[in-house]
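J.: The listed protein sequences derive, respectively, from chains A and B. Numbering-wise (our numbering), the first sequence opens with residue 17 and increments by one. Numbering-wise (our numbering), the second sequence opens with residue 2 and increments by one. Every residue gets a Cβ at the ideal spot worked out from N, C-alpha and C, and that includes glycine.
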Amino acid sequence: NAGVTQTPKFQVLKTGQSMTLQCAQDMNHNSMYWYRQDPGMGLRLIYYSASEGTTDKGEVPNGYNVSRLNKREFSLRLESAAPSQTSVYFCASTVAGEGDTQYFGPGTRLTVL
Amino acid sequence: ELKVEQNPLFLSMQEGKNYTIYCNYSTTSDRLYWYRQDPGKSLESLFVLLSNGAVKQEGRLMASLDTKARLSTLHITAAVHDLSATYFCAVDMNNTDKLIFGTGTRLQVFP
């Protein structure tokens, strides 16, 4: 099992450009999450999807959109990137409702110039 | 609003010594998680604590949860250099599978 995979690993954007971060898991998990981690800080939840077909906002959703394409895939889109969105983005997944830990992908390091 | 506070934020300790990292949270929850992150890497799950009084141990690390005090501890016994990393606690908001993370404790173990 690959676990949680993310693409790309690194990305540099100019202000105003758009991009989509991809995430996939092969553990048959129901719930998937997008977090951002800024230097010296913990993770903050951007959006999550409790199950296929549902999405909801987390702590810091402004400037982002998500799509739960199917049970395996959950994408994060930046429509018009801003320097404040420079961060490391982590995708995670878990079995819903059982208190199981979240499993994290390797991260995408995004720089917006 | 659920807040999660860790202390200390930075910890430099000598090999062989013991120390405890504290994680306080502001609202009721009985699900708490500990993760480890190495520089430039992703998060690795260490412990899952799902009830008051839960205690888990793995090697030189032991985690406990007191839901009444809204406090979890991560105790390090006889530290070794390989434990150098950043440790995060995370609390499940109302058992919704939505986690709020602490700011992390950066641990450095020196000879």
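#1: Using only alpha-carbon positions, find the residue among A:G19, A:A97 and A:G56 that is nearest to L37 of chain A.
#2: Quick one: give me the first and last residue of the beta strand (DSSP E) that A40 of chain A is part of.
#3: Whose Cβ in chain A lies nearer than 7 Å to the Cβ of G105 of chain B?
#4: On the DSSP letters alone, give me the boundaries of the beta strand (DSSP E) that Q7 of chain B sits inside.
#5: Chain B beta carbons: is any one of them nearer than 9 Å to that of E75 of chain A?
#6: Give a yes or no on whether 9 Å exceeds the smallest Cβ distance from D83 of chain B to chain A.
#7: Among A:E95, A:R125 and A:T21, which one has its Cα closest to the Cα of M35 of chain A?
#8: Work out the CA separation of T23 of chain A and Q7 of chain B for me, nearest whole Å.
#9: Roughly how many angstroms separate the alpha carbons of K131 of chain A and A66 of chain A, rounded to a whole number?
#10: To test your reading of the DSSP string, which unbroken beta strand (DSSP E) runs of 3 or more residues are found completely within the stretch 38-98 of chain B?
#11: Comparing the C-beta of D116 of chain A with each C-beta of chain B, is any distance below 9 Å?
#12: Kindly indicate which residue of B:E16, B:E2, B:K18 and B:Y26 has the alpha-carbon position closest to the one of L72 of chain B.
#13: Between I22 of chain B and H76 of chain B, is the Cβ-Cβ spacing less than 9 Å?
#14: What residue ranges within the stretch 73-120 of chain A form continuous beta strand (DSSP E) runs of no fewer than 3 residues, ordered along the chain?
#15: Take L12 of chain B and list the residues in its own chain whose beta-carbon comes closer than 8 Å to its own, dropping the five residues that flank it on each side.
T.: Answer, in terms of the structure:
#1: A:A97
#2: M35 to Q41
#3: G58
#4: V5 to N8
#5: Yes, contact with chain B.
#6: So no, D83 of chain B is outside the interface.
#7: A:E95
#8: 31 Å
#9: The question about residue 131 of chain A has no answer, for chain A in this structure spans 17 to 129.
#10: 44-50, 56-59, 62-67, 72-77 and 86-93
#11: True, the Cβ-Cβ gap to chain B drops below 9 Å.
#12: L72 of chain B has its Cα closest to that of B:Y26, out of B:E16, B:E2, B:K18 and B:Y26.
#13: yes
#14: Those beta strand (DSSP E) runs which fall completely within the stretch 73-120 of chain A and span 3+ residues are 80-84, 90-94 and 103-110.
#15: Y20, I22, T106, R107, L108 and Q109
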